[in-house]
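Residue numbers (the numbering used here), protein chains in the order written: chain A, 102 to 268; chain B, 72 to 290.
Every residue gets a Cβ at the ideal spot worked out from N, C-alpha and C, and that includes glycine.
For reference, the structure discussed in these notes is given below.
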């Protein structure tokens, strides 16, 4: 199976974080959730003069927007040429096994979860990348609070939302 | 023939061009470097397969621990190395403020949606890049979430987040012992990554690539 072991992934991710933090690199942390409202504002053509949040995210949003384009490209190339896992699919295997076989159910839940996820990430001021990886690496107290809350809520949801017995 | 890039306009493509222009001028790496950081980021996520539903939702069900193992290892190693780089003047901290309500309400919503979606904002796009339509639908939901957040930021979300209680890091809580705190934190977090038992849940596509005698579901 074309797959890197977790420790290799951790080491590589750490090197990428350090390169991004370094003054020789980007001199900033890695983040990933600010590009979402940034692109939403671009697509829905919101006026930057009218919305204060748009002004706040002008710089980080643009930076993460370019990074996201790179991530899409990197993910695509890797999935086509290295892991050879590129295929169109509607329901993940794990969803079929522990939730249901309904395409409609998966799509509706995805839509809802995507919506709530971005609201949550923006309320907390970061996501898995910004708080968990970049923030915890700086030993930021805010990120540790976020990490603890997310872990608890993730595990409780996992227990309540999915069926314990395999289908 | 010259290629003319219109950056003054207000339409979608002009604003997209303004995005590139902004990155060129904000001094956080060249445009090519930022793009490259993204490519490597996406590549690592895809190559380790942590973009999969089975990895994140699987962790929520405690049936897969690759994500926390990788995450904690990356944090442990980075925290120690980053501290040395900062001491040497090669990097700076960019700490996020403590906003109690925002972190707790936001973190709760984030955890719930992460368990259901099986993605986060960083792994989502990588999943879309490997052809996951359900994630694309989730991303459209996310864009609407981002839109709602911008529209109601001043009236609703900003008051909901509360005020910042300042930016604080763990070493600052122990003045005079910063080095030791960093070292202990880094080592403990790295050890956590190693001692978390390795449990894995595979999806069909990955399983079908394994030789028959190595398939965990047939052993």
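Considering only beta carbons, the part of the region 155 to 179 of chain B lying closer than 7 Å to chain A consists of 156, 161, 162, 163, 164, 165, 166, 167, 168, 169, 170, 173, 174, 175, 176, 177, 178, 179, in chain order. One thing to note: residue 232 of chain B has its Cβ within 8 Å of the Cβ of residue 170 of chain B. Contacts between residue 117 of chain A and chain B, judged by CB atoms closer than 8 Å, involve 108, 111, 112, 115 in chain order. If you look at residue 160 of chain A, you'll find it in the alpha helix (DSSP H) that goes 159 to 178.
Within its own chain, the residues whose Cβ lies closer than 6 Å to the Cβ of residue 225 of chain A, once the five positions on either side in sequence are excluded, are 247, listed in chain order. Annotation for residue 147 of chain A: 155 place their beta carbon closer than 7 Å to its own, counting only its chain and skipping 5 residues before and after. Going by DSSP, residue 128 of chain A is part of no alpha helix (DSSP H) at all; its letter is neither H nor E. Within the region 202 to 224 of chain A, the residues whose Cβ lies closer than 7 Å to any Cβ of chain B are, in chain order, 207, 208, 210, 211, 212, 213, 214, 215, 216, 217, 218, 219, 220, 221, 222, 223, 224.
Residues of the region 172 to 183 of chain A with a C-beta atom less than 7 Å from some C-beta of chain B are 172, 173, 174, 175, 176, 177, 179, 180, 183, listed in chain order.
Secondary-structure assignment with DSSP links residue 240 of chain B through a beta bridge to A:241.
Our two residues, residue 189 of chain A and residue 223 of chain A, have alpha carbons roughly 30 Å apart in a direct line. Here the alpha carbon of residue 198 of chain B sits roughly 14 Å from the alpha carbon of residue 110 of chain B. For residue 197 of chain A, the uninterrupted alpha helix (DSSP H) run begins and ends at 194 to 199, by DSSP.
A residue is called buried when at least 16 other Cβ atoms come within 10 angstroms of its Cβ; residue 205 of chain A does not meet this threshold and is exposed. Contact with chain A is found for residue 240 of chain B, since one of that chain's Cβ atoms lies less than 8 Å from the residue's Cβ. Per the DSSP secondary-structure output, residue 186 of chain B pairs with nothing in a beta bridge. The bridge partners DSSP lists for residue 120 of chain B come to none. With a threshold of 8 Å between beta carbons, residue 234 of chain B makes no contact with chain A.
Put simply, of A:162, A:111, A:144 the residue whose alpha carbon is nearest the alpha carbon of residue 132 of chain A is A:162. In the three-state DSSP reduction, residue 188 of chain A falls in the coil class, being neither helix nor strand.
Close CB contacts of residue 268 of chain B within its chain, under the 7 Å cut and outside five residues either way in sequence, are with 136 (chain order). Below the 7 Å Cβ cutoff, chain A contributes 238, 240 as neighbours of residue 150 of chain B, in chain order.
In the three-state scheme derived from DSSP, where H, G and I count as helix and E and B as strand, residue 203 of chain B is classed as strand.
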